[in-house]
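Chemist: Below is the structure I would like to discuss, written out as structure tokens.
Residue numbers (our numbering): 195 to 389.
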């Protein structure tokens with residue numbers, strides 16, 4: 195559902211803008227998504243560390259702030275870990291106090307707009323000895339992680355469509371590491387009636 199909503203918004207934006215470059219970017223997206231599907235092994239490796247975790251954070255910024263929410267939601271649904279989503283700015287404002295040695299952090303950092311901020315955050319997390327899983331297309335940023343998940347490069351405005359894939363692999367892998375069935379999370383209802 196998340197990916198379908200992103201694609202609908204991207205198609206609408208490209209049509210509304212009447213921008214040929216945006217339409218060309220969209221045509222390249224299926225190949226990038228196929229490459230992102232190849233992150234399963236790296237995501238599985240990252241998930242192995244989180245097996246014993248009861249909590250952790252997922253951090254994104256800009257276009258990928260919503261991706262942090264989606265990955266955190268999948269972790270809650272499939273693995274029963276209390277995974278809290280944050281923007282990097284909000285995380286630095288106070289919740290960084292949670293970080294102690296081994297604290298699990300999943301950092302989503304594609305694109306150039308917030309690269310410097312994300313790099314500074316990664317250095318700070320390393321200094322506090324957090325366990326850092328990092329998704330990015332930037333090799334220098336990936337080098338700061340305990341476990342890196344390389345993303346295929348795409349225009350930043352489309353990065354959430356690609357960046358969510360390793361997060362979804364991560365949640366599925368962690369559920370499997372914990373002996374849980376990711377296709378049958380307890381108590382989950384796909385349709386919730388509200389009044």
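Heads up, the beta-carbon is just placed ideally off N, CA and C, and yes, glycines get one too.
All values reported here derive from a predicted model rather than from experimental measurement.
Checking 9 Å against the spacing of the C-beta atoms, do residue 253 and residue 300 come in under that value?
Modeler: For the purposes of this step, residue 253 is taken as the residue at position 59 of the chain shown. For the purposes of this step, residue 300 is taken as the residue at position 106 of the chain shown. In this structure, residue 300 lies closer than 9 Å to residue 253 by Cβ.
Chemist: Whole angstroms is fine: what's the gap from residue 389's alpha carbon to residue 214's?
Modeler: The residue given as residue 389 occupies position 195 in the chain shown. The residue given as residue 214 occupies position 20 in the chain shown. Using only the alpha carbons, I get a separation of about 44 Å.
Chemist: How about residue 341 and residue 236: do their beta carbons lie closer than 9 Å?
Modeler: As a first step, residue 341 is located in the chain shown; it is residue number 147 there, counting from the start. As a first step, residue 236 is located in the chain shown; it is residue number 42 there, counting from the start. Yes, they are a contact pair.
Chemist: How should residue 250 be labelled, buried or exposed, when 16 other C-beta atoms within 10 angstroms of its C-beta is the threshold for buried?
Modeler: For the purposes of this step, residue 250 is taken as residue 56 along the chain shown, with counting starting at 1. Residue 250 is buried by the Cβ-count criterion.
Chemist: For the beta strand (DSSP E) containing residue 279, name the first residue and the last one.
Modeler: As a working mapping, residue 279 is identified with position 85 in the chain shown. Residue 279 -> beta strand (DSSP E) spans 276 to 281.
Chemist: Give the single residue among 264, 233, 240, 234 whose Cα lies nearest to the Cα of residue 198.
Modeler: The residue given as residue 198 occupies position 4 in the chain shown. Of the listed residues, the one whose Cα sits closest to residue 198 is 264.
Chemist: What number of angstroms, rounded off, separates the C-alpha of residue 226 from the C-alpha of residue 247?
Modeler: Taking the chain shown and counting its residues from 1, the one referred to as residue 226 is at position 32. Taking the chain shown and counting its residues from 1, the one referred to as residue 247 is at position 53. Whole-angstrom Cα-Cα distance: 31 Å.
Chemist: Quick test of the definition: if touching needs 3 or more C-beta pairs under 8 Å, does the region 286 to 297 touch the region 329 to 343?
Modeler: No, the region 286 to 297 is not in contact with the region 329 to 343.
Chemist: Report the residue from 362, 370, 368, 353 whose alpha carbon sits nearest the alpha carbon of residue 203.
Modeler: Position 9 of the chain shown holds residue 203. Among 362, 370, 368, 353, the Cα nearest to that of residue 203 is on 353.
Chemist: When you compare each of 210, 206, 357, 232 to residue 256 by their alpha carbons, which one comes out closest?
Modeler: Indexing the chain shown from 1 puts residue 256 at position 62. Here the closest residue by C-alpha is 357.
Chemist: In whole angstroms, what is the alpha-carbon distance linking residue 308 and residue 371?
Modeler: Residue numbering aside, residue 308 sits at position 114 when the chain shown is read from its first letter. Residue numbering aside, residue 371 sits at position 177 when the chain shown is read from its first letter. Distance between the alpha carbons of residue 308 and residue 371: 32 Å.
Chemist: Would residue 281 and residue 304 qualify as a contact pair, given that the criterion is a beta-carbon distance under 9 Å?
Modeler: Taking the chain shown and counting its residues from 1, the one referred to as residue 281 is at position 87. Taking the chain shown and counting its residues from 1, the one referred to as residue 304 is at position 110. Not closer than 9 Å, so no.
Chemist: Hey, would you say residue 298 sits closer than 9 Å to residue 244, going by beta carbons?
Modeler: Taking the first residue of the chain shown as 1, we reach residue 298 at position 104. Taking the first residue of the chain shown as 1, we reach residue 244 at position 50. Result yes, Cβ atoms of residue 298 and residue 244 sit closer than 9 Å.
Chemist: Tell me the rounded alpha-carbon separation between residue 277 and residue 319.
Modeler: Stepping through the chain shown from its first residue, residue 277 is reached at position 83. Stepping through the chain shown from its first residue, residue 319 is reached at position 125. Cα to Cα, residue 277 sits roughly 17 Å from residue 319.
Chemist: Going by alpha carbons, who is nearest to residue 350 out of 302, 337, 275, 324?
Modeler: Residue 350 sits at position 156 when you count from the first residue of the chain shown. Among 302, 337, 275, 324, the Cα nearest to that of residue 350 is on 302.
Chemist: For residue 243, report the span of its alpha helix (DSSP H) as first-last.
Modeler: By 1-based counting over the chain shown, the position of residue 243 is 49. Run containing residue 243: 234 to 243, per the alpha helix (DSSP H) assignment.
Chemist: Excluding sequence positions up to five away, which residues of its chain have a Cβ less than 8 Å from the Cβ of residue 210?
Modeler: Position 16 of the chain shown holds residue 210. Taken in chain order, the list of residues that qualify is empty.
Chemist: Since residue 315 contacts residue 286 with CB under 8 Å, what's their CB separation in whole angstroms?
Modeler: Here residue 315 refers to the residue found at position 121 of the chain shown. Here residue 286 refers to the residue found at position 92 of the chain shown. The pair is a contact, with the Cβ atoms about 7 Å apart (cut-off 8 Å).
Chemist: Could you please give me the residues that DSSP links to residue 344 through a beta bridge?
Modeler: Against the chain shown, residue 344 aligns to sequence position 150. BP columns for residue 344 point to 330.
Chemist: Under the DSSP definition of a beta bridge, which residues are partnered with residue 252?
Modeler: In the chain shown, residue 252 corresponds to position 58, counting from 1. Its beta-bridge partners are 279, 300.
Chemist: For the ligand ZN, I want to know if residue 226 counts as a neighbour, meaning its beta carbon is within less than 8 Å of at least one of the ligand's heavy atoms.
Modeler: Within the structure as shown, the ligand ZN is missing, as the structure has no ligands at all.
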